[in-house]
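Number of protein chains: 2
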Amino acid sequence: MEPTRADARGNRARILEVAEEVFGRGGSAASTEEVARLAGVGIATVFRHYPTKRALLEAVLVKHFDRLCGQADDLAGSADPGRAFFGFFRHLVDDAAGKLAIIEAFTDAGGDARDKADHRPLDLRAAFGVLLARAQEAGAVRADARLEEVYALLVGVSRAAAHLHLDEQVRARALGIVFDGLACGEGAEKSRPEDA
Amino acid sequence: MEPTRADARGNRARILEVAEEVFGRGGSAASTEEVARLAGVGIATVFRHYPTKRALLEAVLVKHFDRLCGQADDLAGSADPGRAFFGFFRHLVDDAAGKLAIIEAFTDAGGDARDKADHRPLDLRAAFGVLLARAQEAGAVRADARLEEVYALLVGVSRAAAHLHLDEQVRARALGIVFDGLACGEGAEKSRPEDA
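Residue numbers (the UniProt record's numbering), protein chains in the order written: chain A, 1 to 196; chain B, 1 to 196.
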């Protein structure tokens, strides 16, 4: 039986989902063969959808960033902007090791910063900026903190967590210090984001 | 005239000093040839002292870390432990881009984490821990912060500064947030390390 168009769409979605998991775990060391095997399709099917490893990784990155941006957009309507901001900050740090592994694999496969996927990080930064601004308006984050340095702290804690293989407790305590710094400065009414 | 032993020692010191500057600026892209040229010696002289690029980079790293450890040791006797701790934290972040570039060059030249130079980062971490403990005893840093997470924040801000090419102002504001988080939590008496 010939594969139908619905089969092809299903395969494509499954390949992407499996690839996100495989490269998020293995980085550059992971292979397209492993993706095909775990998705239950032949390697030829993977290459029909994504002619190169780089094309596959770019699609994975786009999907990954689009999901994060969607989550940020949902949180932008939250009734508790402080909780939304600190919760999303923590979510991004928890997500970072996988995302950095996918980016490493993408770069090693010849992807570079001028590729299409690279607009997505800017979109995410902007969406994160909206949550920050709302948290500041609500008095949950000091008014004098700018997106530049808050984003730098997000990138910093994320990279330290991945590089030092921080366990969950240390990561949470490091975040707690940064959150206190964001909450306790001038312009913030609440003193600690305990409930984020 | 034959080179004397004092000439050889002078050459060695100059090579090391120039190498630290050249690789701290250029990372893996810098070359031993450039070091020889700027040190005013022949490439054969460099290789007589350091038979491989890796050996040269290891010596540069050892020297770099030893200097930082020496600075930390000097600060451990400071009459203002809060100022000493926050000042050294900032100094390490300012120093990070150069140090990371040298480490990158060392790794690309075949150096790895089990090499001799790698004990030095542990020595530095320990020296940083002494300054942290003294600042906590003095009430300048919250008592509940452990070295693990404070060191993770140091690594994080350092890597973010290097990766995002943060300018001095953004770096200072990011550090200000972390310092406030370290100072304003429970167990700290002073609220802001303004004078660090």
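Glycine included, every Cβ here is placed at the ideal spot set by N, Cα and C.
| Query | Result |
| --- | --- |
| In whole angstroms, give me the CA-to-CA distance for B:ARG48 and A:ALA101. | 40 Å |
| Do you know how far the Cα of A:PRO81 is from the Cα of A:ASP180? | 16 Å |
| Would you give the residue range spanned by the alpha helix (DSSP H) that A:THR32 belongs to? | 32-39 |
| Considering only residues of the same chain and omitting the five flanking positions on each side of B:ARG67, which have a CB-CB separation below 8 Å? | none |
| Check whether the stretch 83-92 of chain A touches the stretch 20-37 of chain A, counting contact only when three or more Cβ pairs, one atom from each stretch, lie closer than 8 Å. | no |
| Hey, how far is the Cα of A:VAL62 from the Cα of A:ASP167? | 28 Å |
| On the three-pair Cβ rule with 8 Å, is the stretch 139-158 of chain A touching the stretch 151-162 of chain B? | yes |
| At 8 Å on the CB atoms, spell out the chain A contacts of B:LEU126, in chain order. | For the sequence presented, residue 126 of chain B should be read as Ala rather than Leu. Result: empty, since nearest Cβ-Cβ is about 16 Å, beyond 8 Å. |
| Which residue from A:GLU58, A:ASP112, A:ALA96, A:GLY77 puts its Cα closest to that of A:TYR133? | In the sequence under discussion, the amino acid at residue 133 of chain A is Ala, which differs from the Tyr named in the question. When only C-alpha atoms are compared, the closest one is A:GLY77. |
| Can you list the residues of chain A that B:ARG90 reaches, using a CB-CB cut of under 8 Å? | Within 8 Å Cβ-Cβ: nothing; B:ARG90 doesn't reach chain A, min ~14 Å. |
| Could you pull out every unbroken beta strand (DSSP E) segment of at least 3 residues lying fully inside the stretch 90-148 of chain A, listed in chain order? | none |
| At a CB-CB cut-off below 9 Å, which residues of chain B make contact with A:ILE177? | ARG142, ALA145, GLU149, VAL150, LEU153, VAL178, GLY181, LEU182, GLY185 |
| Against chain A, which members of the stretch 20-32 of chain B pass a CB distance test of less than 7 Å? | none |
| Would you say A:ARG25 and A:CYS69 are within 9 Å of each other, going by their C-beta atoms? | no |
| So which residues of chain B does A:HIS163 contact, with C-beta pairs closer than 8 Å? | VAL155, ARG159 |
| Kindly indicate if chain B contains any beta-carbon less than 9 Å away from that of A:ALA174. | yes |
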